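Beneath this line is the structure, given in structure tokens, with notes to follow.
Numbering (the UniProt record's numbering), first residue to last: 1 to 564.
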């Protein structure tokens, strides 16, 4: 068979080329009697129009349905991987939920605001804590953690839609998949703090801005309340407002030009800043913002350790995002459809800017904590930047796979690696704090209403025992701060305050978390109790965590007759 096929030179399908095929006349009984080869018409040989196929074509209903079904499978896997984590309430979880109950009593029932939560919380105590307390009243801590899971699933779904708008379904599915199995995503999906809610609000803000970037110039103003709410839920979310504004401007610039892009960015920024300014002037949160965010005390963690942890928890996704940025800069699309003319590609400079903004955002949280030299909550905070870098990671994975899914083994290998890292790291971070499952029943036997206790931990006991009416937040003192008025009327703090309070028998009971490396205050408290003879060791409960072992000690004050 010989032919002159135009596809060999142009890459296009030409129906006329089939008419030039010279086919030998069939022999034998292939043709019906009276029917000759010369009578075969043109329509017998010309193929119909070949429909567009591939991820570069316009979305079809079938493709949309398949991609959404795959997204549902990803979300189901994310939920299962988060719910496999088990532990008792972490001190932050217990504190925020209890603070929410106190705020509800203060806001709706006129109870005094005795906690002072607005002076040291890293988010507004009137937002997430109140919502968490309302859910806790109906479904307990499990319900509050399920609420966090819903927020994280929503963030993954919004990430998919955002990436689909910027690129295509394949990149969107890969971006959602790689983000869904990171340790921070799995951890926050079963952790009752305001991080999950704030992260989902940032995802919602980004999605709304991109979807409405080319609409009316005032539409970004309607998105400003969502961004302001994200900052109110967690003050550190303000770190990502510049990324949101730049993303809006880039998407608007591609269709509308520089002037309209700047206009929309200015409207969104002005609206967000105005709302945050009004909130700041009408509340007393400035001290908390300074102490937890803008003027946070520096730690002593080495830069090398912080860099190592950042690479462990976010290095793989960030590397894929860098790869996606480079490959997207070199070539805007895969060109999977022979002869199909994709829409005009964005300029190379625009592609560089988009990749740099999204990928560079992953460095904000690690850089800030390296500046502060603290590793506190880095495993959570790193997830904020990974949310923005994930679209470029999806592009990187898509390019690794190649046109027409040529190299699926590459994506499978990366996916298995990411899944392994995410599962092991999230389980380790979720097991860092000791389980108080044995401590709380033992305390319930000894704590009496109105008694004063010193404890570390104390947030968990207060949360679990306050429901039984045995204690409340005002009756507990932590090992981090004390203001004790001694017998001579002098207010003592620090080591002197703890020493004087123990010598005077001020506390009815003391709980110590004695690990492999006890702190100076814990050592002082233990030595003082032994030297004064005013307290006896009632219980010692061992535990094991993912980083070591230790035991809880419950000390009770002896009656006056036994200490005289």
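Using N, Cα and C, we set each Cβ at its ideal position, and we do this for glycine too. This one's a predicted model, so the numbers in the text were calculated from it and none came from an experiment.
- The distance from the Cβ of residue 439 to that of residue 541 is about 6 Å, consistent with a contact at the 8 Å cut-off.
- Collapsing the DSSP output to three states places residue 510 in a strand.
- Residue burial is scored here from C-beta neighbours: residue 109 has fewer than 16 other C-beta atoms within 10 angstroms and is therefore classed as exposed.
- With fewer than 16 other beta carbons inside 10 angstroms of its own, residue 437 counts as exposed.
- Secondary-structure assignment with DSSP links residue 554 through a beta bridge to 511, 539.
- If you check the CB distance, residue 78 and residue 180 come in under 8 Å.
- Counting only runs that start and end inside the stretch 52-124, the alpha helix (DSSP H) elements of at least 4 residues fall at 61-83, 91-109.
- Between residue 171 and residue 469, the C-beta gap is not smaller than 8 Å, which leaves the two residues out of contact.
- In the structure shown, the three-state DSSP call for residue 491 is strand.
- Here residue 479 really is in contact with residue 521; their C-beta atoms are around 5 Å apart, less than 8 Å.
- Residues 199, 200, 203, 387 of the same chain have their beta carbon placed closer than 7 Å to that of residue 155, with the five preceding and five following residues left out of the count.
- Listed in chain order, the alpha helix (DSSP H) elements of length 4 or more contained wholly in the stretch 405-430 are 408-430.
- One Cα belongs to residue 190, the other to residue 85, and the distance between them is close to 7 Å.
- Rounded to whole angstroms, the separation of the alpha carbons of residue 461 and residue 101 is 15 Å.
- Distance from residue 207 to residue 158 at the Cβ level is roughly 5 Å; contact confirmed, criterion being Cβ atoms closer than 8 Å.
- DSSP, reduced to helix, strand and coil, places residue 215 outside both helices and strands of the structure shown, so it counts as coil.
- Within the same chain, Cβ atoms closer than 6 Å to the Cβ of residue 374 are found at 299, 301, the five residues on either side in sequence being excluded.
- Excluding five sequence positions before and after residue 196, the CB atoms of its chain that fall closer than 6 Å to its own CB belong to 148, 151, 152, 188, given in chain order.
- Residue 128 and residue 117 have their C-alpha atoms some 13 Å from each other.
- Classified as buried, residue 271 has 16 or more neighbouring CB atoms from the shown chains inside 10 Å of its CB.
- Positions of the alpha helix (DSSP H) runs, each at least 4 residues long and wholly inside the stretch 328-397, are given as 348-360, 364-372 in order along the chain.
- When secondary structure is reduced to three states using DSSP, residue 477 falls in the strand class.
- Residue 285 sits in coil when the DSSP states are folded into three classes, being neither helix nor strand.
- Contact check for residue 452 and residue 506: beta-carbon distance about 7 Å, within the 8 Å limit, so the pair qualifies.
- At a Cβ-Cβ threshold of 8 Å, residue 528 and residue 487 do not count as neighbours.
- Residue 80 is not a Cβ neighbour of residue 144, given a cutoff of 8 Å.
- Between residue 454 and residue 554, the C-beta spacing is not below 8 Å.
- Taking the CA atoms as reference points, residue 323 sits about 5 Å from residue 396.
- With fewer than 16 neighbouring CB atoms inside 10 Å of its own CB, residue 483 falls in the exposed class.
- Inclusion of residue 358 and residue 321 in the CB contact set at 8 Å is warranted, their separation being smaller than that value.
- Remark: C-beta atoms of residue 317 and residue 389 approach each other more closely than 8 Å.
- For residue 402, no beta strand (DSSP E) encloses it, and the DSSP letter there is neither H nor E.
- When DSSP states are grouped into helix, strand and coil, residue 158 belongs to the helix group.
- Between the stretch 119-126 and the stretch 230-246 there are three or more inter-stretch CB-CB distances shorter than 8 Å, so the stretches are counted as touching.
- Under the Cβ criterion (8 Å, minimum of three pairs), the stretch 397-408 does not count as touching the stretch 420-427.
- When the Cα atoms are used, residue 354 and residue 176 turn out to be separated by approximately 18 Å.
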